[in-house]
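In my numbering, the protein residues as written are 6 to 268. Every residue gets a Cβ at the ideal spot worked out from N, C-alpha and C, and that includes glycine. The structure presented is a predicted model; accordingly, all values stated were derived computationally and were not measured. The block underneath contains the structure these notes are about, expressed in structure tokens.
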């Protein structure tokens with residue numbers, strides 16, 4: 006009887022280990038020339054791709070971040086071809102903090118959420134460098150009672166047209182500034198509401214073709230500031246600029262969803 010119990014326990018342990026070993030890996034971020042190989046066929050790796058046991062990851066020149074369901078993450082930076090089993094071993098050895106794992110566990114589940122409002126975009130961030138806006142950067146969460154708007158000065162003596170809109174596209178601020186390159190904004194005095202999303206733009210005044218290119222920011226509730234700050238500390242780790250922008254977007258989306266669910 007005891008022998009049978011031992012065999013049954015061993016059987017369940019082996020089943021659990023096998024199930025754990027078969028966990029899929031998800032591409033979180035790609036930069037450069039990275040491919041997924043399946044049965045000798047190669048395709049460019051992209052955010053949201055799933056790697057399973059018959060896949061290999063080929064890094065020619067660039068980097069790829071992978072995540073798994075429990076929130077562990079792995080950056081593959083060295084050129085080479087990595088089997089699924091090799092990637093799993095590397096993932097197991099990767100050092101992750103509790104805060105990092107909690108965030109990437111959220112990302113993993115929300116990339117494939119059945120609810121449209123909860124689903125994170127699998128589209129990578131798009132980089133544009135022709136706008137005047139500098140601060141707050143796109144997808145910023147404001148965790149203070151005041152914040153600074155900052156922009157590049159146009160060529161010559163052209164004034165800047167500064168606009169802030171709420172989520173109903175109503176104007177919160179609409180002004181022309183001649184020589185300034187920054188403006189401090191008080192959250193309370195300007196009636197910014199916690200949990201709400203706003204967008205802003207700075208462009209050359211008098212332009213005949215105004216750009217509808219905005220940077221978005223979210224006003225945090227005071228009770229959430231400490232938790233949001235923990236998420237934002239992820240951006241202070243040693244990561245590339247592109248990965249930082251991608252993570253900032255996902256942190257923004259996480260808290261945007263949080264406030265939408267409260268309504």
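Residue i (DSSP reduced to helix, strand or coil)
i, result
"residue 251", "helix"
"residue 221", "strand"
"residue 163", "coil"
"residue 105", "helix"
"residue 244", "coil"
"residue 125", "coil"
"residue 236", "helix"
"residue 229", "helix"
"residue 260", "helix"
"residue 267", "helix"
Bridge partners - residue i, DSSP secondary structure assignment
i, result
"residue 70", "34 and 80"
"residue 5", "The first residue shown for the chain is 6 and the last is 268, placing residue 5 beyond what the model contains."
"residue 138", "156"
"residue 115", "Residue 115 is not bridged to any residue."
"residue 61", "42 and 88"
"residue 55", "31"
Cβ-based burial, residue i [other Cβ within 10 Å; buried from 16]
i, result
"residue 59", "exposed"
"residue 78", "buried"
"residue 213", "exposed"
"residue 174", "exposed"
"residue 252", "buried"
"residue 27", "Only weak support exists for where residue 27 lies, its pLDDT of 49 falling under 50; the value from the coordinates is given anyway. Per the 10 Å Cβ criterion, exposed."
"residue 85", "exposed"
"residue 215", "exposed"
"residue 167", "buried"
"residue 160", "exposed"
"residue 93", "buried"
"residue 150", "exposed"
"residue 104", "exposed"
"residue 74", "exposed"
"residue 4", "Examination of residue 4 is not possible in this model, given that the chain is present from 6 through 268 alone."
"residue 267", "exposed"
"residue 211", "exposed"
"residue 100", "exposed"
Short CB-CB distance (under 9 Å) between residue i and chain C
i, result
"residue 69", "No chain C is part of this structure, which consists of one protein chain only."
Worksheet item: Is the number of C-beta pairs between the region 231 to 247 and the region 184 to 202 that are closer than 8 Å three or more?
Response: no
Discussion item. Three or more C-beta pairs under 8 Å: does that hold for the region 220 to 237 against the region 198 to 211?
Written reply: The region 220 to 237 makes contact with the region 198 to 211; the number of CB pairs closer than 8 Å reaches 3 or more.
Fill in: Runs of beta strand (DSSP E) lying entirely within the region 145 to 217, each at least 3 residues, in chain order
145 to 147, 151 to 156, 165 to 170, 176 to 182, 187 to 191 and 202 to 209
Discussion item. Three Cβ pairs or more, each shorter than 8 Å: is that satisfied between the region 241 to 253 and the region 153 to 166?
Written reply: No, the region 241 to 253 is not in contact with the region 153 to 166.
Discussion item. Does the region 55 to 72 come into contact with the region 85 to 97, if we say contact requires no fewer than three beta-carbon pairs (one atom in each stretch) closer than 8 Å?
Written reply: yes
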